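Student: I have a structure I would like to understand better, so I am pasting it below and will then ask my questions one at a time.
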Amino acid sequence: MRLALFGPPGAGKGTQAKRLARDHDLTHLSTGDLFRAAIRERTPLGLKVASLLEAGELVPDDVTNGIVADRLAQIDYGSFVLDGFPRTVPQAEWLLDHLAANDAPLDAVVSLVVPDEDVVGRLSRRRTDPETGAIYHLDFNPPPADVDPETLVHRPDDQPEAIRHRLEVYHEETAPVEAYLREHVRYHEIDGTGSLAEVQARVTDVLVEDRGLAGI
Ligand code: ADP
Ligand code: ADP
285 MRLALFGPPG AGKGTQAKRL ARDHDLTHLS TGDLFRAAIR ERTPLGLKVA SLLEAGELVP
345 DDVTNGIVAD RLAQIDYGSF VLDGFPRTVP QAEWLLDHLA ANDAPLDAVV SLVVPDEDVV
405 GRLSRRRTDP ETGAIYHLDF NPPPADVDPE TLVHRPDDQP EAIRHRLEVY HEETAPVEAY
465 LREHVRYHEI DGTGSLAEVQ ARVTDVLVED RGLAGI
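Each residue of the sequence shown is one higher than the last, beginning at 285 in my numbering.
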């Protein structure tokens, strides 16, 4: 299935995308992860986008669409879950056109609805493992005992000022994408609060209702 998860920063897109990818054999395609890998590897793309990520600004649409196009071609437009893309109306328009041109239409969007207050608490206590890509939360999803806390990263854009800015960017540039998606693709909104497992069950339920378990 070809799926996109939508929602504010900290909604749980990465967490749920990883679970969907693992359980249903989908490729997890996170634009944020692709940018962070480029920054770590100091590629020309990484050098271009590093200061934007640190400040919580969006990377320009043409650059972002370009890396998504590359990854989609690499997986032959097969089964995937997009996480953090599209984030602007032009990205959404480009994505639907690009997928249609490759006979690979998007099957569904699942939007995780989480209030801003919760998002701030989630992001400020998020820690990630750069080796495995695992996403933890110091209170709600703490790292297991065999993970050395020293190896975990507190992302620079998860500091209070950048979090505030990312939420502003979300409300200005990303929230309007909802209306576009509702008009053009199957769009399911679910409550993104509650435990990680509860949210996962809601995601699976709407997809099963939409497509049947075999169709995920
Ligand atoms: P996004 O990719 O949308 O930014 P993440 O999946 O990285 O979101 O989650 C943001 C933070 O919130 C992480 O620290 C994660 O462990 C935590 N988190 C994810 N889902 C939940 C949940 N249902 N309840 C509480 N915290 C959660
Ligand atoms: P979040 O936890 O906010 O969902 P992501 O890992 O998805 O974070 O994104 C981190 C940063 O990468 C964003 O703040 C932005 O700078 C850049 N980025 C990721 N996806 C996109 C996108 N679709 N368009 C523009 N910039 C993006």
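By construction, the Cβ of each residue, glycine as well, lies at the ideal position given by its N, Cα and C atoms. Just so we're clear, the structure is a prediction, and the values are computed from it rather than from any experiment.
Mind checking whether residue 303 and residue 390 have CB atoms under 8 Å apart?
Tutor: Not closer than 8 Å, so no.
Student: Leaving out five residues before and five after residue 486 in sequence, what residues of the same chain have Cβ atoms less than 7 Å from its Cβ?
Tutor: 474, 475
Student: If you count every other CB in all the chains shown that lies within 10 Å of the CB of residue 307, and 16 or more means buried, which is it?
Tutor: exposed
Student: Count the CB pairs spanning the segment 371-387 and the segment 344-353 that are closer than 8 Å, and state whether there are at least three.
Tutor: yes
Student: Could you tell me whether the Cβ atoms of residue 288 and residue 393 are closer together than 8 Å?
Tutor: Yes; because the gap between Cβ atoms is below 8 Å, this pair is in contact.
Student: Ligand 1 heavy atoms versus the CB of residue 295: any closer than 7 Å?
Tutor: yes
Student: Can you tell me which of 358, 343, 412 puts its alpha carbon nearest to the alpha carbon of residue 369?
Tutor: 343
Student: Nearer than 7 Å: is that true of the beta carbon of residue 315 relative to any heavy atom of ligand 2?
Tutor: yes
Student: Per the contact definition of three or more C-beta pairs closer than 8 Å, is the segment 310-322 in contact with the segment 359-369?
Tutor: yes
Student: Where do the N-terminal and C-terminal ends of the beta strand (DSSP E) with residue 474 fall, by residue?
Tutor: 471-475
Student: Can you say whether residue 327 is buried or exposed, counting buried as having 16 or more other CB atoms within 10 angstroms of its CB?
Tutor: exposed
Student: Does the count of Cβ pairs from the segment 323-340 and the segment 438-450 closer than 8 Å reach three?
Tutor: yes
Student: Please identify the residue among 310, 331, 334 whose C-alpha is closest to the C-alpha of residue 363.
Tutor: 310
Student: Quick one: is the Cβ of residue 466 within less than 7 Å of any heavy atom of ligand 2?
Tutor: no
Student: Any heavy atom of ligand 2 closer than 7 Å to the CB of residue 416?
Tutor: no
Student: Between residue 409 and residue 396, is the Cβ-Cβ spacing less than 8 Å?
Tutor: no
Student: Express the C-alpha separation of residue 433 and residue 413 in angstroms, rounding to a whole number.
Tutor: 9 Å
Student: Per DSSP, which one or two residues make a beta bridge with residue 367?
Tutor: Note: residue 367 sits in a beta bridge opposite 289, 314.
Student: Does any heavy atom of ligand 1 sit closer than 7 Å to the C-beta of residue 320?
Tutor: no
Student: Let me know if residue 299 comes out buried or exposed under the rule of 16 or more other beta-carbons within 10 Å of its beta-carbon.
Tutor: buried
Student: From residue 451 to residue 324, what distance separates their C-alpha atoms?
Tutor: 25 Å
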